[in-house]
Amino acid sequence: MSLELLNSDTHATVRMHLGEAMADPLVRIVTSEIAAAAAACPLFFSKHAESGAFYVGALTGFRRGEPLIDSPDGRWAFRPSEIDRLGFFASGDSIALDPDHPRFAVGGSEALFYPDQTPTAALRAVQKAIGGLMASAAATEAFIAAMLAHRLIEPIDISLAFDDGETLRLDGLYTVSLDALSELPDAAVMGLFRAGHLQPAFALAGSLHHVALMARRRNARLTQIG
Numbered sequence: 034m035s036l037e038l039l040n041s042d043t044h045a046t047v048r049m050h051l052g053e054a055m056a057d058p059l060v061r062i063v064t065s066e067i068a069a070a071a072a073a074c075p076l077f078f079s080k081h082a083e084s085g086a087f088y089v090g091a092l093t094g095f096r097r098g099e100p101l102i103d104s105p106d107g108r109w110a111f112r113p114s115e116i117d118r119l120g121f122f123a124s125g126d127s128i129a130l131d132p133d134h135p136r137f138a139v140g141g142s143e144a145l146f147y148p149d150q151t152p153t154a155a156l157r158a159v160q161k162a163i164g165g166l167m168a169s170a171a172a173t174e175a176f177i178a179a180m181l182a183h184r185l186i187e188p189i190d191i192s193l194a195f196d197d198g199e200t201l202r203l204d205g206l207y208t209v210s211l212d213a214l215s216e217l218p219d220a221a222v223m224g225l226f227r228a229g230h231l232q233p234a235f236a237l238a239g240s241l242h243h244v245a246l247m248a249r250r251r252n253a254r255l256t257q258i259g
């Protein structure tokens, strides 16, 4: 991957695709997003394919390009910052982009700069997303480390069957074990509370009911198509 520092001269004519079409169904989020995300979709821990390290992810659908968390007006009920960040990276105090990322393939609809070289609304969304992700990165790592230290992360098996006969198994997902949490000593639970880790832990565990809601939503769409 070869990154280029974002520049209003060099990238004056660059256009990008919307991030929704590029994102995997399980989108990385940070702790500052957990409360809003848990109100709209199921949240899980998963592992980075390269490093094996855990991250927190919001499941926006069961397939790429098939979001199941959209509101009646067509907008996503929760929009992860990672969606807007795709293809862009923090580089010190600057922002860099990967020109080979699919987001910058021919046919993109969103310009990065206006003719006067000021950032477009789309680019400002990128800047805001990167800022938010960086601001919560340390807190997110601390939350995951605390869950691991107390052995509260457990694998979860999810198998779904849809009305069109298709079956789907979601692998590589983990959640917070409420049983393990209930068995912790009071001092450990108080420590998690004071560190701000208890609320996101319960939010992750409580968000699992969205899986069934998303499955019903997909079945409803299959009925409409049929």
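Under this note's numbering, think of the first position of the sequence shown as 34, with each following residue one higher.
Every residue gets a Cβ at the ideal spot worked out from N, C-alpha and C, and that includes glycine.
Here the structure is a predicted model, which is why all the values come from computation and not from measurement.
- Here P113 is buried: its Cβ has 16 or more other Cβ atoms, across all protein chains shown, within 10 Å.
- Taking C-beta atoms under 8 Å as the contact rule, T151 and T64 fail to qualify, at a distance of about 32 Å.
- The residues G141, S142, E143 and A144, in chain order, have a CB closer than 7 Å to that of R48 in the same chain once the five nearest residues on each side in sequence are set aside.
- For T43 and F137, the gap between their C-alpha atoms comes out near 14 Å.
- Residue pairing by DSSP places M49 opposite E143 in a beta bridge.
- Going by DSSP, E66 is part of the alpha helix (DSSP H) stretching over T64 to A71.
- Per DSSP, the beta bridge partners of L130 are E37 and F121.
- Assignment of F77 by DSSP, reduced to helix, strand and coil, places it in the strand class.
- Here the alpha carbon of F235 sits roughly 8 Å from the alpha carbon of V209.
- A contact is defined here as three or more CB-CB pairs under 8 Å, and the stretch 116-124 fails this definition with respect to the stretch 76-84.
- If you draw a straight line from the Cα of A170 to the Cα of D126, it comes to about 16 Å.
- Looking at the DSSP output, A194 bridges to T200.
- Residue nearest to A73 within the set F111, P105, L39 and L231 is F111 (criterion: CA-CA distance).
- In this structure, the alpha-carbon of A253 lies about 11 Å from that of D197.
- As a beta-bridge residue in DSSP terms, T208 pairs with E187.
- A54 is not a Cβ neighbour of I62, given a cutoff of 8 Å.
- Around I128, the same chain offers L38, L39, F121, F122, V159, Q160 and I163 as residues with beta carbons nearer than 8 Å, after the five sequence neighbours per side are excluded.
- Relative to the Cα of L193, the nearest Cα in the group T46, P100 and R251 belongs to R251.
- Using a Cβ distance threshold of 8 Å, P100 and G94 count as a contacting pair.
- Close CB contacts of L92 within its chain, under the 7 Å cut and outside five residues either way in sequence, are with P58, L59, C74, P75 and F77 (chain order).
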